[in-house]
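Numbering (the working numbering), first residue to last: 6 to 383.
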């Protein structure tokens with residue numbers, strides 16, 4: 006090798022950048038893949054290396070030479086670790102080496118991470134200098150630049166934690182994320198917000214939203230798979246607006262007043278590893294502040310349709326004079342049509358109301374709704 010070529014060769018080694026991003030782990034049903042392996046220098050190990058290095062200073066850059074036999078190209082070294090269920094300690098379960106596409110297969114369900122090491126230059130030629138060591142065999146043939154793991158690693162660190170395997174229903178849940186006194190009821194012009202707190206976010210790789218109409222159980226909406234991971238808050242209206250789908254004929258016209266819906270979300274970690282959760286929601290007409298109290302009464306209004314007198318009946322009905330609830334009647338547009346004090350009253354005279362569809366609400370003394378139902382005036 007000429008001095009000029011030799012200098013260029015050394016220069017290439019020194020240019021091999023060690024700047025890189027951290028490695029990333031991804032998972033499947035029974036595997037873990039490691040992506041984005043940090044850059045590392047091209048170095049070799051040797052089965053035997055002479056103990057007396059020769060320092061060379063007349064060729065830039067300064068370096069050492071040693072005699073060596075049996076050299077092997079060093080590749081990144083990966084160690085797969087699994088979290089133990091009993092004490093959350095991490096235990097080594099597999100090791101692997103390669104240059105790209107690192108994968109660990111046939112894994113049991115659980116949480117995993119990978120410890121990644123990339124080799125670096127051995128620089129122990131002189132006590133005061135960090136010099137590359139070039140290895141030659143006993144015939145004078147160049148074998149490579151000496152490298153090793155351990156204290157010479159050019160990178161070492163853990164990937165993110167990932168979950169391998171299917172998930173269960175208990176891994177996923179959501180609740181309505183509106184004012185705390187709302188119990189499954191939304192004003193028609195509100196955004197439907199779901200809070201997924203309590204879910205095992207690390208286990209969920211994709212999810213899907215469904216909306217069913219209670220009563221006829223028609224599938225009114227179904228989103229495609231959303232692969233960006235499960236968010237802490239899900240805006241149902243936004244998902245529908247950005248993922249238009251039509252089911253059972255017609256078109257999705259949005260939520261309708263006085264109808265009840267089942268909001269269903271399925272999540273998937275791998276293969277058939279589905280989990281799901283659902284909640285019921287009632288849509289109140291616009292401008293009607295639909296906020297049920299915890300004291301939701303099991304009342305019945307009869308007859309329905311009604312011509313003159315509506316009867317309020319039910320085991321929870323409070324006839325005492327201390328009852329200060331209000332009975333409010335709204336049009337479907339949200340306008341207040343009539344108002345009655347509920348004290349000592351189990352009959353509501355609606356004879357003066359025009360024929361049409363209405364909503365009857367009972368509001369407790371603290372201003373919260375305890376009953377709501379639609380009726381028809383004929």
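A virtual CB, placed ideally from N, CA and C, is assigned to each residue, including glycine.
Is the Cβ-Cβ distance between residue 154 and residue 122 less than 7 Å? yes
Out of curiosity, what's the CA-to-CA distance linking residue 43 and residue 160? 7 Å
Who are the near neighbours of residue 1 in its chain, counting only those whose CB is closer than 6 Å to its CB and skipping five residues on each side? Absent from the structure is residue 1, since the part of the chain shown begins at 6 and ends at 383.
For the alpha helix (DSSP H) containing residue 246, list its first residue and its last residue. 241-247
Per DSSP, what kind of secondary structure is residue 47 in: helix, strand or coil? coil
Taking the alpha-carbon positions, what's the residue 115 to residue 171 distance? 9 Å
Just to confirm before moving on: does the CB-CB distance between residue 144 and residue 71 stay below 7 Å? no
Top-ranked residue by Cα proximity to residue 206, from 179, 226, 224, 371: 179
Going by CA-CA distance only, name the one from 79, 248, 93, 216 that's closest to residue 266. 216
If you follow the beta strand (DSSP E) that residue 318 is in, where does it begin and where does it stop? 314-318
Could you give the distance in angstroms between the alpha-carbon of residue 218 and the alpha-carbon of residue 336? 22 Å
Excluding the 5 residues preceding and the 5 following residue 300 in the sequence, name in chain order all residues of the same chain whose CB lies nearer than 7 Å to its CB. For residue 300, the predicted model reports a pLDDT of 49, less than 50, meaning its position is unreliable and no value from the coordinates is stated.
Since I believe residue 355 is in contact with residue 379 (beta carbons under 8 Å), could you give me their beta-carbon distance rounded to a whole number of angstroms? Their Cβ separation, rounded to whole angstroms, is 13 Å, which puts residue 379 and residue 355 out of contact at 8 Å.
Tell me the start and end of each unbroken alpha helix (DSSP H) in the region 77-102 that is at least 4 residues and wholly inside, in chain order. none
Based on the DSSP secondary-structure assignment, which residues constitute the bridge partners of residue 4? One cannot answer for residue 4 here, as it falls past the ends of the chain, which runs 6 to 383.
Compare the C-alpha of residue 200 against each of 225, 236, 307 and name the closest. 236
Based on Cα-Cα distance, which residue from 37, 244, 279 lies nearest to residue 108? 37
For residue 363: DSSP bridge partner residues: 336, 380
Would you kindly check if the distance between the Cβ of residue 366 and the Cβ of residue 358 is under 7 Å? no
Tell me which residue opens and which closes the beta strand (DSSP E) that residue 74 is part of. 68-74
Between which two residues does the beta strand (DSSP E) carrying residue 352 extend? 352-354
First and last residue of the uninterrupted beta strand (DSSP E) at residue 357: Per DSSP, residue 357 belongs to no beta strand (DSSP E) and is neither H nor E.
Under 8 Å by Cβ, that's how I've got residue 463 and residue 272 pegged, so tell me the actual separation to the nearest angstrom. The first residue shown for the chain is 6 and the last is 383, placing residue 463 beyond what the model contains.
Tell me which residues share the same chain as residue 244 and place their Cβ nearer than 6 Å to its Cβ, disregarding the 5 neighbours each side in the sequence. 214, 228
Report buried or exposed for residue 86, applying the criterion of at least 16 other Cβ atoms within 10 angstroms of its Cβ. buried
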